[in-house]
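J.: Residues in the sequence shown are numbered consecutively from 1079, following the numbering used here.
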Amino acid sequence: MMRRYLLFTAILVLSFIPTRAAASVDLAVSGWGLSLGNSNRINGLRLNFIDDGLEAVTGVNVTLWKAQRNPNAVIRGAAVGLVGPYARRIDGLAIGGIYTITEHDLRGISFGGLGVDVGGDLTGLGLGLGGVIAVQDVHGIVVGGIRSGARGDVNGMALSLGIAAAERNSRGLMLAGGGAWAVHDAHGFVLAAGGVGAGHNGRGFIVGGVGAAVGHNAAGLVAGGLGAGVGHSMTGLVGGGFGAGVGHDLNLGAVLSLGGAGVGHDGLGVVVGGVGAGVGHDHTGIVLGGLGAGVGHSLNGIVLGGVGASAGHELNGIVGGIIGAGAGHSARGLVFGGIGSGVGHDFTGITVGGLGTGVGHSLDFGAVLSAGGAGVGHDARGLVIGGVGAGVGHSLTGVTIGGFGTGVGHNLTGVTIGGFGTGVGQNLDFGAVLSFGGAGVGRSGRGIVVGGLGSGVGNDFTGLLAGGLGTGVGDSMRGIVLSAGGVGAGKRISGIAIGGLGVGVGQSVTGIALGGIGIGAGDELRGIMAGGLMVFAPQVTGISIGATNGVTIGAGFWPGDGDRWFETVNDRFTGLALGLINHSRELKGVQVGLLNYAGNNPAWARLLPFINVHL
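Shown next as structure tokens:
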């Protein structure tokens, strides 16, 4: 018995001798069995103090101290070391009290007290209180206290209290207390209490307690407690506490932040910033900013800002701001600002501004509304209303109302109302021009023109024309013309003319004319004429009622006769004349008055009292 014990002790001591050459006692049959010492190869159980020059073990390899050089060692089965196993490749189970190291691949389950260092691919499960690193790729799960990951790809899970990283791509779960990232692409979950990122593309959930970033394109969720960003395009959600951004396109999704949120080029979805939000070029969706919100080019959707909001070029939707809102070029929809709003070019919809609002070119259809001023630079179809004033630079089809005044620069079809004054620069195609002050049409008109103080039409007018102190047309009038003062027409009036002081026309009146002082025409009066003091024209046909008929009293009617205080002007009268003095060079009808003169009667019957007749 003693001899057996001494023999075993000698063999064990021999196995502990650190030598470069193989020195071992092998109890094996055909390469299978037990090896004690630094054997090169064994299938079975191998026990050694220091591995040096090991080539292959299939089974279990147990070492007590750190290995010397094993550049070609392949262990299949289990490798256990008090310090740690070291081999070219390990397939199976590897456990090291301090570390586990392979020059190339490790497949299976590995553990190192301080860490696991794999020179090639790690396939399986790797655990290290310090860290687990694969120089090439990870296929499986690696868990490291300080760091885990690969200098190549991570396909699976990399978990760490410190850092989890893939220096190329990750596919699966990267979870760390400090930071987690993939230098190139990340697919799956990248989560950390600190910062997370993907250097190129990211697909999945990339969430960091401090920050999150993707260098190029991302799809899924990118979120950071302080900030989050995507360098190029994003499909999904980007959220950051103080800032969130997408460098180029938001293909579909949302960019959200309590601070600022932005998209560098085109956007499709929702962009919301507690302080501000913006999209650099085109956007379809919603942009909201606590202070300001804007889209650099075209918007299809809604932009709202606490202070201001804008679409730099075209708008199809809603732009609103507590202070101001605008669209730089054309717009369709609603634009509103607490103080002011505007559209740079053409607009279809409603724009509202507290103090002022305007459309730079045409209002194709809609309304421009303000408590202050409202204006359209060119043509308008719809409503233009300003509490102070309203104007249209060219033509209007619709209604414009201004508390103090309104104006239409060219043509009007519709209604314009101004408190103290209103005007149409050229034609009133059809409608009404109304004011408590003055109302005017620069050229011709059809409809109603009423001014509390006065009204006028530059050329022809058909309809109702009324002015408190006076009213007139530059050429011809058809319809009803009324004034407490005077009524005048440069050429003709056809219809009803009533002037509190008088009615005067350059050529003729046809219809009914009433004048407080008188009625006069440069050529002809035809119809029923009643003037308080005088009714006169070279030709009169109808009924003429006045203190004098055919006679002017005061300054002469024609400019060259201004020094004549009494002038007979009637050449031909046809009808009935009623007055104190009736005069006609040629009478065809009846004169009733105190003195009646008919120049075409016989000499004895030319001037008669009470009545004169020539039929």
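By construction, the Cβ of each residue, glycine as well, lies at the ideal position given by its N, Cα and C atoms. Just so we're clear, the structure is a prediction, and the values are computed from it rather than from any experiment.
Check whether the Cβ atoms of residue 1126 and residue 1109 sit closer than 7 Å, and answer yes or no.
T.: No.
J.: Extract the residue ranges of the alpha helix (DSSP H) inside the stretch 1244-1323, only unbroken runs of 4 or more that lie entirely within it.
T.: Whole alpha helix (DSSP H) segments, 4+ residues: zero.
J.: Have a look at 1374, 1147, 1160, 1180 and flag the residue whose alpha-carbon is nearest the alpha-carbon of residue 1153.
T.: It is 1180 whose Cα lies nearest to the Cα of residue 1153.
J.: Shortest alpha-carbon distance to residue 1233 belongs to which of 1245, 1241, 1223?
T.: Cα-wise, what sits closest to residue 1233 is 1245.
J.: Check whether the Cβ atoms of residue 1339 and residue 1348 sit closer than 7 Å, and answer yes or no.
T.: Their beta carbons are not under 7 Å apart, which means residue 1339 does not touch residue 1348 by this criterion.
J.: Since residue 1135 and residue 1124 should fall inside the 8 Å C-beta cutoff, what is the C-beta to C-beta distance between them, to a whole number of angstroms?
T.: About 5 Å; that satisfies the 8 Å criterion.
J.: How would you call residue 1163, buried or exposed, if buried means at least 16 neighbouring beta carbons within 10 angstroms?
T.: Buried, by the Cβ-count rule.
J.: So what does DSSP say about residue 1143, is it helix, strand or coil?
T.: Looking at residue 1143 - three-state DSSP - the assignment turns out to be coil, as it is neither helix nor strand.
J.: Once you ignore the five residues that flank residue 1168 on each side, which residues in its own chain have a CB closer than 6 Å to its CB?
T.: Contacts found: 1153, 1157, 1180, 1184.
J.: For the beta strand (DSSP E) holding residue 1602, just list the boundary residues, first then last.
T.: First-last of the beta strand (DSSP E) with residue 1602: 1602-1614.
J.: With distances taken Cα to Cα, identify the nearest neighbour of residue 1524 among 1166, 1516, 1490, 1514.
T.: It is 1490.
J.: Just checking my contact of residue 1554 with residue 1545 at CB under 8 Å: how many whole Å lie between their CB atoms?
T.: Going by Cβ atoms, the distance from residue 1554 to residue 1545 rounds to 17 Å, so no, they are not a contact pair.
J.: Residue 1106 by DSSP, collapsed to three states: which one?
T.: Correct three-state label for residue 1106: strand.
J.: List the endpoints of the continuous beta strand (DSSP E) containing residue 1666.
T.: Residue 1666 -> beta strand (DSSP E) spans 1665-1676.
J.: Buried or exposed, going by whether 16 or more other CB atoms sit within 10 Å of the CB of residue 1425?
T.: Label assigned to residue 1425: buried.
J.: Check residue 1681 in the structure and name its three-state DSSP category.
T.: Correct three-state label for residue 1681: helix.
J.: Is it buried or exposed, residue 1041, if we count other Cβ atoms within 10 angstroms and call 16 or more buried?
T.: Any property of residue 1041 remains undetermined from this structure, which presents the chain solely from 1079 to 1693.
J.: Among all the DSSP beta bridges, which residues are the ones paired with residue 1425?
T.: According to DSSP, which records beta bridges pairwise, residue 1425 is partnered with 1409, 1441.
J.: Kindly list the residues whose CB is nearer than 6 Å to the CB of residue 1651, restricted to its own chain and excluding five residues on each side of it in sequence; keep chain order.
T.: Excluding positions up to five away in sequence, the list reads 1618, 1662, 1665.
J.: Measure the Cβ-Cβ separation of residue 1610 and residue 1600 and say whether it is below 7 Å.
T.: No, they are not a contact pair.
J.: So which of 1128, 1138, 1129, 1132 has the shortest CA-CA distance to residue 1112?
T.: For the residues 1128, 1138, 1129, 1132, the minimum Cα distance to residue 1112 belongs to 1138.
J.: State the CB to CB distance for the pair residue 1648 and residue 1616, rounded to an integer number of angstroms; the pair is presumed to be in contact (CB under 8 Å).
T.: Residue 1648 to residue 1616, Cβ: 7 Å. Contact.
J.: Please say whether residue 1416 and residue 1400 have beta carbons closer to each other than 7 Å?
T.: Contact flag set, yes.
J.: What is the residue span of the beta strand (DSSP E) that residue 1579 lies within?
T.: Residue 1579 -> no beta strand (DSSP E), and no H or E assigned at all.
J.: Quick one: using the 10 Å Cβ neighbour count with 16 as the cut-off for buried, is residue 1683 buried or exposed?
T.: Exposed.
J.: Does the Cβ-Cβ distance between residue 1313 and residue 1286 come in under 7 Å?
T.: The answer is no: Cβ separation not under 7 Å.
J.: Report back the beta-carbon spacing between residue 1434 and residue 1421 to the nearest angstrom; my notes put them in contact at under 8 Å.
T.: Contact flag wrong, Cβ pair sits at about 13 Å.
J.: Are residue 1447 and residue 1430 close, meaning C-beta to C-beta below 7 Å?
T.: Against a cut-off of 7 Å, the Cβ pair of residue 1430 and residue 1447 comes out as a contact.
J.: I'd like the span of the beta strand (DSSP E) that includes residue 1662, first residue to last.
T.: Residue 1662 -> beta strand (DSSP E) spans 1659-1662.
J.: Quick check: what's the CA-CA separation for residue 1443 versus residue 1322?
T.: Roughly 38 Å separates the two Cα atoms.
J.: Within 10 Å of its beta-carbon, does residue 1132 have 16 or more other beta-carbons around it, so buried, or fewer, so exposed?
T.: Looking at its Cβ environment, which holds 16 or more other Cβ atoms inside 10 Å, residue 1132 is buried.
J.: Can you list the beta strand (DSSP E) stretches of 3 or more residues lying completely in the stretch 1119-1203, in chain order?
T.: The stretch 1119-1203 contains these whole beta strand (DSSP E) runs: 1119-1126, 1134-1141, 1152-1159, 1167-1174, 1177-1180, 1184-1190, 1193-1196.
J.: Mind checking residue 1211: buried by the 16 CB within 10 Å criterion, or exposed?
T.: Buried.
J.: Could you tell me which residues DSSP puts in a beta bridge with residue 1334?
T.: BP columns for residue 1334 point to 1317, 1350.
J.: Kindly indicate which three-state DSSP category residue 1378 falls into: helix, strand or coil?
T.: Three-state DSSP puts residue 1378 in a strand.
J.: Using the rule of at least 16 other Cβ atoms within 10 Å of the residue's Cβ for burial, across every protein chain shown, is residue 1688 buried or exposed?
T.: So residue 1688 counts as exposed.
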